[in-house]
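Chains as they are written, first to last, in the numbering used here: chain A, 1 to 326; chain B, 1 to 209.
Just so you know, even glycine gets a beta-carbon here, dropped at the ideal spot from N, CA and C.
As structure tokens, the structure follows; a few thoughts come after it.
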């Protein structure tokens with residue numbers, strides 16, 4: 001029996017077998033190249049949104065939601081990643097959802113008739129720090145581990161509070177996108193990960209689940225040394241399964257496929273620089289080994305990023321359409 | 001005193017202890033170069049190997065490097081006085097269009113841990129800047145880092161810029177970062193690709209030798 005996108009995504013996220021394998025991406029950056037204009041209209045960007053009248057703003061948000069629904073319908077996504085609309089400082093610093101976002105989510109739900117899952121970022125754990133922050137973080141771990149834990153708890157509480165607001169605004173899926181790993185392995189040792197990240201990630205995931213939200217934990221890099229800890233946090237799905245870091249969906253499926261839905265593993269670098277044969281082979285491999293028994297969502301190992309040839313993305317969608325049916 | 005103890009304490013990231021021990025070694029009249037090599041660099045070298053084997057992780061490397069820097073600060077004037085020079089000179093940067101610096105910083109630490117002098121050009125570095133700085137600073141190696149598939153092509157431009165400047169036979173070009181591999185290194189005509197920071201340092205030492 002044919003499922004709606006929502007039913008299909010939920011079946012996969014709960015490790016059941018849907019009518020066919022669903023697809024989605026954490027972000028889709030090729031809307032302009034493939035559909036003629038970007039998903040985020042320039043008029044709603046900071047600096048311009050303030051110049052719009054209330055009526056103009058509402059009109060633009062309506063059009064943005066309509067276009068978003070159109071693009072993702074064309075792509076056949078089962079989960080739509082929402083972008084933050086309105087004053088992002090209001091969200092980032094005060095933890096209050098901008099009314100523009102609430103409006104956008106409402107319109108989008110109307111356009112999709114509630115038949116697609118809506119997603120937004122919701123992580124609040126330490127990710128790999130950049131630049132000098134990396135030094136400071138490492139020194140704090142050595143000099144003040146209790147302080148690092150205290151801050152981790154505050155970050156988790158903050159994320160849980162914000163995720164409740166996303167839930168009220170109609171967000172069904174939390175995308176937990178703090179990166180923990182390089183290609184060579186985790187930033188933190190497994191012991192440090194257990195001390196400074198795992199308990200807090202667990203709290204964020206459990207709080208989201210208690211509210212009925214689905215959780216997709218994303219991290220780039222080689223996750224294998226912390227795979228058990230990620231799974232212990234009980235997310236609905238693990239995302240990325242980065243093949244550039246040597247993560248193999250076949251092996252991950254064997255190890256934890258009975259505990260968590262798997263997303264990703266289609267080789268993004270091959271999509272950028274490999275041959276068409278490489279791209280097709282990667283997509284076919286993922287579908288072959290991710291599909292059995294359900295609990296699998298087809299997607300790239302990162303996102304269809306700006307600069308990726310659109311025809312390469314279309315190529316993997318074609319493979320997916322050919323192999324997706326159960 | 002036993003310089004091995006400096007190495008051990010450095011590996012544990014005990015910066016204050018390392019500083020105390022290095023001062024003690026200086027006071028005992030042990031030559032600065034010996035303290036550097038048998039104490040500090042030995043410790044960093046072991047940390048580098050353990051990092052390569054996933055036995056220690058980035059924070060432990062950074063904490064060890066902090067301990068090393070405390071010791072090096074005490075030794076620097078003595079090394080200069082004795083006319084001791086670094087075993088090689090490298091300029092390193094993340095290529096133009098790419099602002100990611102984690103990998104680059106790790107390689108820098110590992111290079112310094114091998115006793116090489118490192119000129120850090122930062123991120124978003126143009127091919128021309130790599131070449132200009134290599135010439136001005138008399139570097140034997142240019143190290144290029146990239147995280148993005150959209151910027152890795154700049155590494156080929158660095159090779160071309162070095163050729164155009166007529167320094168290609170004097171400077172080795174190393175590349176690294178998530179999207180690159182040996183095939184890409186061969187394709188653009190760079191001299192070496194390494195998959196991790198510790199291997200990059202080993203490679204740089206051999207290229208300087």
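- For the pair residue 220 of chain A and residue 138 of chain B, the Cα-to-Cα distance works out to about 37 Å.
- If you draw a straight line from the Cα of residue 140 of chain B to the Cα of residue 204 of chain B, it is about 9 Å long.
- Nearest C-alpha to residue 303 of chain A among A:3, A:28 and A:17: A:28.
- In the same chain as residue 279 of chain A, and ignoring 5 residues on each side of it, the C-beta atoms closer than 7 Å to its own belong to 270, 271, 312, 315 and 316, in chain order.
- Counted as a single uninterrupted DSSP element, the alpha helix (DSSP H) harbouring residue 268 of chain A occupies residues 268-273.
- Apart from sequence neighbours up to five positions away, the residues of its chain that approach residue 43 of chain A with a beta-carbon distance below 6 Å are 60, ordered along the chain.
- Going by DSSP, residue 214 of chain A is part of the beta strand (DSSP E) stretching over 214-218.
- Only residues of its own chain outside the window of five on either side were considered, and among them 174 and 203 have a CB closer than 6 Å to the CB of residue 192 of chain B, listed in chain order.
- Closest in C-alpha terms to residue 83 of chain A, from the list A:178, A:97 and A:256, comes A:97.
- Remark: three or more beta-carbon pairs, one from each stretch, lie closer than 8 Å, so the region 71-88 of chain A and the region 20-40 of chain A are flagged as touching.
- The beta carbon of residue 259 of chain A is closer than 6 Å to those of 231 in its chain, skipping five residues each way along the sequence.
- In the three-state reduction of the DSSP assignment, residue 75 of chain B falls in the helix class, which pools H, G and I.
- At least one CB of chain A lies nearer than 8 Å to the CB of residue 58 of chain B.
- Residue 156 of chain A places its beta carbon 8 Å or farther from that of residue 216 of chain A.
- Leaving aside the five residues that flank residue 182 of chain A on each side, the residues in its chain whose CB is nearer than 6 Å to its CB run, in chain order, 221.
- Nearest neighbour of residue 180 of chain A by Cα position, chosen from B:85, B:123, B:97 and B:58, turns out to be B:58.
- No residue range can be given for residue 43 of chain A, since it is assigned to no beta strand (DSSP E) and is classified by DSSP as neither H nor E.
- The C-beta of residue 326 of chain A has fewer than 16 other C-beta atoms within 10 Å across all chains shown, which makes the residue exposed.
- Counting only residues of its own chain and dropping the five nearest sequence neighbours on each side, residue 323 of chain A has a CB closer than 6 Å to the CB of 287.
- Neighbours of residue 12 of chain A across chain B, judged by C-beta separation under 7 Å, do not exist; the nearest C-beta is about 28 Å away.
- Between residue 92 of chain A and residue 23 of chain A, the C-beta gap is not smaller than 8 Å, which leaves the two residues out of contact.
- The residues 127, in chain order, have a CB closer than 6 Å to that of residue 157 of chain B in the same chain once the five nearest residues on each side in sequence are set aside.
- What residue 189 of chain A touches in chain B, judged by beta-carbon distance under 8 Å, is 56, 57, 59 and 60, going in chain order.
- For residue 193 of chain A, same chain residues with a beta-carbon under 8 Å away, outside a window of 5 residues either side, are 180, 186, 226 and 229 in chain order.
- Residue state for residue 44 of chain B is assigned as helix, using DSSP reduced to three classes.
- Shown here, residue 325 of chain A sits in a strand according to DSSP, grouped into three states.
- C-alpha of residue 266 of chain A to C-alpha of residue 248 of chain A: approximately 10 Å in a straight line.
- Not a single C-beta of chain B is nearer than 8 Å to the C-beta of residue 316 of chain A.
- Taken in chain order, the complete alpha helix (DSSP H) segments of 4 or more residues contained in the region 222-265 of chain A are 227-232 and 249-256.
- Interface flag for residue 128 of chain A against chain B is set, since a Cβ pair is found closer than 8 Å.
- Less than 8 Å separates the beta-carbon of residue 102 of chain B from that of residue 130 of chain A.
- Interface residue (Cβ-Cβ distance to chain A less than 8 Å): residue 150 of chain B is classified as such.
- Under a 10 Å Cβ-count criterion, residue 100 of chain A is classified as buried, with 16 or more other Cβ atoms of the shown protein chains found around its own Cβ.
- Taking 8 Å as the threshold, the shortest C-beta distance from residue 281 of chain A to chain B does not fall below it.
- When 9 Å is used as the limit between beta carbons, residue 31 of chain A is near no residue of chain B, the shortest such separation being about 17 Å.
- Those residues of the region 114-127 of chain A placed with their C-beta closer than 9 Å to a C-beta in chain B do not exist.
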